[in-house]
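*Asks:*
In our numbering, the protein residues as written are 27 to 124.
#1: At what residue ranges does the stretch 29-57 contain a whole run of the alpha helix (DSSP H), taking only runs of 4 or more?
#2: Rounded to whole angstroms, how far is the Cβ of residue 43 from the Cβ of residue 103, which I believe are closer than 8 Å?
#3: Between which two residues does the alpha helix (DSSP H) carrying residue 117 extend?
#4: For a test of the three-state rule: what should DSSP assign to residue 72, helix, strand or coil?
#5: Quick one: is residue 67 buried, meaning 16 or more other Cβ sit within 10 Å of its Cβ, or exposed?
#6: If I follow the unbroken alpha helix (DSSP H) through residue 67, where does it start and stop?
#7: Excluding sequence positions up to five away, which residues of its chain have a Cβ less than 7 Å from the Cβ of residue 35?
#8: Which one of 54, 80, 64 and 117 has the shortest CA to CA distance from residue 38?
Pasting the structure below:
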C-alpha cells in the first residue's frame, strides 16, 4: 500500500513533516485542528512537499531522516528542488479524490 511523506508550511512559516495514506484528507484534519498536536498550535497553510513510498516503513525512515538530520535550510532546499514534482503529485491526488 502506498504511503505519502508530506511537509506542511504553517501560517507562521514553520515546517511540519508527516506520513499518511491519504495526504489530502490528513491535511484537512490538520487544518481543522484534528491532526497532530504541533499543527494545533501552528496551523497549516499549504502542503509544500510530497513524496510517494511503496510501504510504510520506507516512508517512516524518510520522515525520520528529514526530521532529525536536515537543518531548516536543507529542508527548504529539498522543498525547492521538488517543487514541480510536488505540484504534479498533488494535482493527481486531487483528481483521484474528485
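A virtual CB, placed ideally from N, CA and C, is assigned to each residue, including glycine. Quick caveat: nothing in here was measured; it's all calculated off a predicted structure.
*Replies:* So, to answer that:
#1: Fully enclosed alpha helix (DSSP H) runs of 4 or longer: 49-57.
#2: One-based indexing of the chain shown puts residue 43 at position 17. One-based indexing of the chain shown puts residue 103 at position 77. Not really, about 14 Å apart at Cβ, beyond 8 Å.
#3: In the chain shown, the residue the question calls residue 117 occupies position 91. Boundaries of the alpha helix (DSSP H) around residue 117: 109-123.
#4: Stepping through the chain shown from its first residue, residue 72 is reached at position 46. In the structure shown, residue 72 sits in a strand (DSSP, three-state: E or B).
#5: The residue you call residue 67 lines up with position 41 of the chain shown. Looking at its Cβ environment, which holds fewer than 16 other Cβ atoms inside 10 Å, residue 67 is exposed.
#6: For this step, residue 67 is matched to residue 41 along the chain shown. Here the alpha helix (DSSP H) through residue 67 covers 63-67.
#7: Here residue 35 corresponds to residue number 9 of the chain shown, with the count starting at 1. Hits under 7 Å: 41, 71, 72 and 74.
#8: Here residue 38 is taken as the residue at index 12 of the chain shown, counted from 1. Comparing Cα positions, the closest option is 64.
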